[in-house]
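If you read the sequence shown in numbering that gives the first Met the number 0, its first letter stands for residue 0, the second for the next number, and so on.
The C-beta atom is built at its ideal place from N, Cα and C for all residues, glycine as well.
Computed from a prediction, not measured in an experiment: that's the story for all the values here.
Structure, as structure tokens:
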Amino acid sequence: MGRGLFITLEGIDGTGKSTQLRLLAQHLKKRGLTVRVTREPGGTGVGERIRKILLASSTRRLSPLAELVLMYAARAQHLEEVIRPSLERGEIVLSDRYNDASLAYQGYGRKLGVETVRAFDRIICGDTQPDLTLLLDLPPRLSLRRARARQSRRNSKQERFERQGVEFHRRVRRGYLEIARLEPQRVKLVRAGGAVAEIQAQIRKLVDNFLAGRRKRPLTHPATAGDNVGAVHPLPKGEGW
Ligand code: TMP
Numbered sequence: 000m001g002r003g004l005f006i007t008l009e010g011i012d013g014t015g016k017s018t019q020l021r022l023l024a025q026h027l028k029k030r031g032l033t034v035r036v037t038r039e040p041g042g043t044g045v046g047e048r049i050r051k052i053l054l055a056s057s058t059r060r061l062s063p064l065a066e067l068v069l070m071y072a073a074r075a076q077h078l079e080e081v082i083r084p085s086l087e088r089g090e091i092v093l094s095d096r097y098n099d100a101s102l103a104y105q106g107y108g109r110k111l112g113v114e115t116v117r118a119f120d121r122i123i124c125g126d127t128q129p130d131l132t133l134l135l136d137l138p139p140r141l142s143l144r145r146a147r148a149r150q151s152r153r154n155s156k157q158e159r160f161e162r163q164g165v166e167f168h169r170r171v172r173r174g175y176l177e178i179a180r181l182e183p184q185r186v187k188l189v190r191a192g193g194a195v196a197e198i199q200a201q202i203r204k205l206v207d208n209f210l211a212g213r214r215k216r217p218l219t220h221p222a223t224a225g226d227n228v229g230a231v232h233p234l235p236k237g238e239g240w
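What follows is the structure, encoded as structure tokens:
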């Protein structure tokens, strides 16, 4: 991985993730940083076409494994066209979802299991792992209500994943919380139940602290970085995250 920084936003449907991502991008740009905002599935021409297949409610009988492979096909394209070149240029890549979503949705939600997802991840993502992940957390009962309200405001149909019941989203949330538990250095939990401005304040504090921590840290040669690049950038002591 180059000298850039890879930040991802994650969470179950309806946590207000995309709004928060937009506001965070504004904040970082104001600080004079070069930010590449992107999303998954999507972020490239091919990826956006795959996204349509994955999200359309008219897509029926897609097997869980086919779903996983399509997610990783879009991701492979995204890595090659957008993420790796941006990181090489030293930019901040800010992505609305990345590989934790596959672990949570396909691994836990669809019950494909962690090992199956990780096998794809090793091949496709390799050591291009997020440095910092903000996990917006909300109980599915609330988040799905929000997602459905948003759909009806836009007069649009519910998408494939939003149609899944509360039980599915509970499993996905459990998956996300498990990832956060296993990687507390990288994954920061954001309580997403409050007002937009209040949630954004939490996020900005986390990101600003992270950036300050990186400035203090001596540069690590990429060759010495392990699978989880975030793990080789420990936070300075005393940062109350
Ligand atoms: P969103 O971009 O509106 O958040 O929607 C993308 C949907 O795709 C969301 O329901 C989560 C799902 N998804 C997966 O199931 N696996 C993945 O790897 C990714 C990136 C998204």
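- DSSP places E9 in the strand class (E or B) of the three-state scheme.
- Taking every protein chain shown into account, the CB of I122 has fewer than 16 other CB atoms within 10 angstroms, so this residue is exposed.
- In the same chain as Q150, and ignoring 5 residues on each side of it, the C-beta atoms closer than 6 Å to its own belong to Q157, in chain order.
- CA-CA distance, Y71 to P139, rounds to 25 Å.
- Nearest Cα to E47 within the set T33, A75, R88, L64: A75.
- Only buried fits N98, as 16 or more other CB atoms lie within 10 angstroms of its CB.
- Exposed is the label assigned to D126, since fewer than 16 other Cβ atoms lie within 10 Å of its Cβ.
- Check the Cα spacing between A191 and each of T14, R169, R185: the tightest is with T14.
- Scanning its chain for C-beta atoms nearer than 6 Å, with the 5 sequence neighbours on each side dropped, one finds around G42 the residues H77, V81, in chain order.
- At a Cβ-Cβ threshold of 9 Å, V206 and H26 count as neighbours.
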